Amino acid sequence: MRRPLQYLALLGYMVFLAFPLLWLLSTALKTSQEMASLTPTWIPRHPVLINFADAFTEQDIVGSALRSLVVAVASSVLTVVLALPAAYSMARHRSLVNKFAIGWVLVSQVFPFILIIIPLFMVLRSLDLVNTLPGLTVVHVTFTLPFALWMLQGYVRSVPRELEEAAAVDGAGRIRALVRIVAPLLAPGVVATLLFAFISSWNEFLFALVVLKDPDVATLPLTLVKFTGAEGVVRLGPLAAASLLATIPSLAFFAIIQRRLRSGLLAGAVKG
Numbered sequence: 099m100r101r102p103l104q105y106l107a108l109l110g111y112m113v114f115l116a117f118p119l120l121w122l123l124s125t126a127l128k129t130s131q132e133m134a135s136l137t138p139t140w141i142p143r144h145p146v147l148i149n150f151a152d153a154f155t156e157q158d159i160v161g162s163a164l165r166s167l168v169v170a171v172a173s174s175v176l177t178v179v180l181a182l183p184a185a186y187s188m189a190r191h192r193s194l195v196n197k198f199a200i201g202w203v204l205v206s207q208v209f210p211f212i213l214i215i216i217p218l219f220m221v222l223r224s225l226d227l228v229n230t231l232p233g234l235t236v237v238h239v240t241f242t243l244p245f246a247l248w249m250l251q252g253y254v255r256s257v258p259r260e261l262e263e264a265a266a267v268d269g270a271g272r273i274r275a276l277v278r279i280v281a282p283l284l285a286p287g288v289v290a291t292l293l294f295a296f297i298s299s300w301n302e303f304l305f306a307l308v309v310l311k312d313p314d315v316a317t318l319p320l321t322l323v324k325f326t327g328a329e330g331v332v333r334l335g336p337l338a339a340a341s342l343l344a345t346i347p348s349l350a351f352f353a354i355i356q357r358r359l360r361s362g363l364l365a366g367a368v369k370g
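This is how it looks when you write it as structure tokens:
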């Protein structure tokens, strides 16, 4: 009976995770009259596509999505490039300074990020990066780098030091040992960190609201807010359609990256 119960629990968990997407899809296909009904329905009685058309015609969904994609990809790659060498150094060369650095990384996650909004804005203004996508990319890298560093140094510590020592005995230099032995074993950690950094940047709203003021450089979260009127009236149909479309890049990125995660695990097992 254990196996069927496991599958049943897994099915329930999948339904729990898929429920927001299914509800967004249901709302996006409903008419305004059906959404205003006091008795909500799971399946639209008369499905329509007008909400998707309104979402594209009323706001620059495609342009803002492309800008968000550029920022998310750039920030996630830069985060991993900066965090990986630092994580390896912190994990392999233990000292009092490294312990203090790790502790500071953890402590920095406790403070609310709204405390650094004003100093961060002043720094970006002095560098002439306000209202620019590179400026927002720098902010996202700063925002995700501490946690990415913490994740990666945990993965580096899980790789036995004896593997590098064995490679050195066989005549491999440090660079070759890192590339041929350590890198495949760290592939799952790198992929997981990339995924975390990408999703954090793709969904980020507060820093984008502060840094970006021109509608021509607005990212997707800022564009979705525009479906709320000045008096707080929400156009629920177009908002649901636009929000559903906004989840597609994240799902596609995860579908692509999870293959790398699986191949990294297999490669690491072979190298081990």
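For what it's worth, the working numbering labels the leading residue of the sequence shown as 99, then goes sequentially. Quick reminder that beta carbons are idealized off the backbone N, C-alpha and C, glycines included. Source: prediction; values computed, not measured.
Roughly how many angstroms separate the alpha carbons of Val221 and Ile212, rounded to a whole number?
Here residue 221 is taken as the residue at index 123 of the sequence shown, counted from 1. Here residue 212 is taken as the residue at index 114 of the sequence shown, counted from 1. Answer to the nearest angstrom: the Cα atoms are 15 Å apart.
Where do the N-terminal and C-terminal ends of the alpha helix (DSSP H) with Phe150 fall, by residue?
Numbered from 1 along the sequence shown, position 52 holds the residue referred to as residue 150. Run containing Phe150: 148 to 156, per the alpha helix (DSSP H) assignment.
Report the rounded CA-to-CA distance for Gln157 versus Ala316, giving the unit in angstroms.
As a first step, residue 157 is located in the sequence shown; it is residue number 59 there, counting from the start. As a first step, residue 316 is located in the sequence shown; it is residue number 218 there, counting from the start. Between Gln157 and Ala316, the C-alpha separation is close to 11 Å.
Does the Cβ of Ala107 have 16 or more other Cβ atoms within 10 Å, making it buried, or fewer, making it exposed?
Locating residue 107 in the sequence shown gives position 9, counting from the first residue. The residue in question, Ala107, is exposed, as its Cβ has fewer than 16 Cβ neighbours within 10 Å.
Considering only residues of the same chain and omitting the five flanking positions on each side of Ile297, which have a CB-CB separation below 7 Å?
Position 199 of the sequence shown holds residue 297. Taken in chain order, the residues that qualify are Ser348.
Using the Cβ count rule (16 or more neighbours within 10 Å means buried), how would you classify Lys311?
By 1-based counting over the sequence shown, the position of residue 311 is 213. Lys311 should be labelled exposed.
Does the distance from the C-beta atom of Val254 to that of Thr177 stay below 8 Å?
The residue labelled residue 254 in the question sits at position 156 within the sequence shown. The residue labelled residue 177 in the question sits at position 79 within the sequence shown. Not in contact: Val254 and Thr177 (Cβ atoms no closer than 8 Å).
Just the C-alpha distance for Val308 and Ala172, rounded to the nearest angstrom, thanks.
Here the question's residue 308 lines up with position 210 in the sequence shown. Here the question's residue 172 lines up with position 74 in the sequence shown. Cα to Cα, Val308 sits roughly 19 Å from Ala172.
Just verifying my parser: in three-state terms, what is the DSSP assignment at Val175?
Numbered from 1 along the sequence shown, position 77 holds the residue referred to as residue 175. Helix, per DSSP.
Return yes when the C-beta of Asn196 is under 7 Å from any heavy atom of the ligand ADP, and no when it is not.
Looking at this structure, you won't find the ligand ADP or any other ligand, since it has none at all.
Length at least 4, wholly inside the stretch 266 to 333: the alpha helix (DSSP H) runs in chain order
Listed in chain order, they are 272 to 275, 281 to 301, 304 to 309, 318 to 323.
Cα-Cα separation, Met249 to Ser174:
By 1-based counting over the sequence shown, the position of residue 249 is 151. By 1-based counting over the sequence shown, the position of residue 174 is 76. For Met249 and Ser174, the distance between alpha carbons rounds to 14 Å.
Would you give the residue range spanned by the alpha helix (DSSP H) that Ala107 belongs to?
For the purposes of this step, residue 107 is identified with residue 9 of the sequence shown, where counting begins at 1. Ala107 -> alpha helix (DSSP H) spans 100 to 126.
What's the C-alpha gap between Tyr105 and Tyr111?
If you number the sequence shown from 1, residue 105 lands on position 7. If you number the sequence shown from 1, residue 111 lands on position 13. Approximately 10 Å between the Cα atoms of the pair.
If you draw a straight line from the C-alpha of Ala353 to the C-alpha of Ile346, how long is it?
In the sequence shown, residue 353 corresponds to position 255, counting from 1. In the sequence shown, residue 346 corresponds to position 248, counting from 1. Each residue's alpha carbon lies about 10 Å from the other.
Do the CB positions of Ala344 and Leu322 come within less than 8 Å of each other?
Reading the sequence shown from its first residue, position 246 is the one you call residue 344. Reading the sequence shown from its first residue, position 224 is the one you call residue 322. When the beta-carbon positions are compared, Ala344 and Leu322 come within less than 8 Å of each other.
Measuring straight from C-alpha to C-alpha, what distance separates Phe351 and Asp152?
Against the sequence shown, residue 351 aligns to sequence position 253. Against the sequence shown, residue 152 aligns to sequence position 54. C-alpha separation (whole angstroms): 26 Å.
When the Cα atoms are used, what is the spatial distance from Leu234 to Phe219?
Position 136 of the sequence shown, counted from the first residue, corresponds to residue 234. Position 121 of the sequence shown, counted from the first residue, corresponds to residue 219. C-alpha separation (whole angstroms): 10 Å.
Tell me the rounded alpha-carbon separation between Gly287 and Gln207.
Within the sequence shown, residue 287 is the residue found at index 189, counting from 1. Within the sequence shown, residue 207 is the residue found at index 109, counting from 1. Cα-Cα distance, rounded: 20 Å.
With DSSP collapsed to three states, give me the class of Ser135.
Within the sequence shown, the letter at position 37 stands for residue 135. Coil.
Rounded C-alpha distance that separates Leu283 from Arg223:
Counted from its first residue, the sequence shown places residue 283 at position 185. Counted from its first residue, the sequence shown places residue 223 at position 125. Approximately 41 Å, taken between the alpha carbons.
Best match in Lys324, Ala163, Gly269, Thr242 for proximity to Phe294 [C-alpha to C-alpha]
Reading the sequence shown from its first residue, position 196 is the one you call residue 294. It is Thr242 whose Cα lies nearest to the Cα of Phe294.
Alpha carbon to alpha carbon, how far is Gly370 from Leu225?
One-based indexing of the sequence shown puts residue 370 at position 272. One-based indexing of the sequence shown puts residue 225 at position 127. Note that Gly370 scores a pLDDT of 41, beneath 50, so its modelled location is shaky; the value from the coordinates is reported in the next line. Whole-angstrom Cα-Cα distance: 46 Å.
Does the Cβ-Cβ distance between Leu227 and Val168 come in under 8 Å?
Here residue 227 corresponds to residue number 129 of the sequence shown, with the count starting at 1. Here residue 168 corresponds to residue number 70 of the sequence shown, with the count starting at 1. Going by C-beta atoms, Leu227 is not nearer than 8 Å to Val168.
Quick one: what's got a C-beta closer than 7 Å to Pro142's C-beta in the same chain, skipping five residues either side?
Translated into the one-based positions of the sequence shown, residue 142 becomes position 44. Within the same chain, Pro142 has close Cβ partners Ser124, Leu127, Lys128, Glu132.
Please classify Ala266 as buried or exposed, where buried requires at least 16 neighbouring CB atoms within 10 angstroms.
Here residue 266 refers to the residue found at position 168 of the sequence shown. It counts as exposed.
Going by the CB atoms, is the gap between Asn149 and Pro336 shorter than 8 Å?
In the sequence shown, residue 336 corresponds to position 238, counting from 1. In the sequence shown, residue 149 corresponds to position 51, counting from 1. For Pro336 and Asn149, yes; Cβs fall inside 8 Å.
Opening and closing residue of the alpha helix (DSSP H) in which Arg223 lies
By one-based count along the sequence shown, residue 223 stands at place 125. Element bounds for Arg223: 215 to 224.
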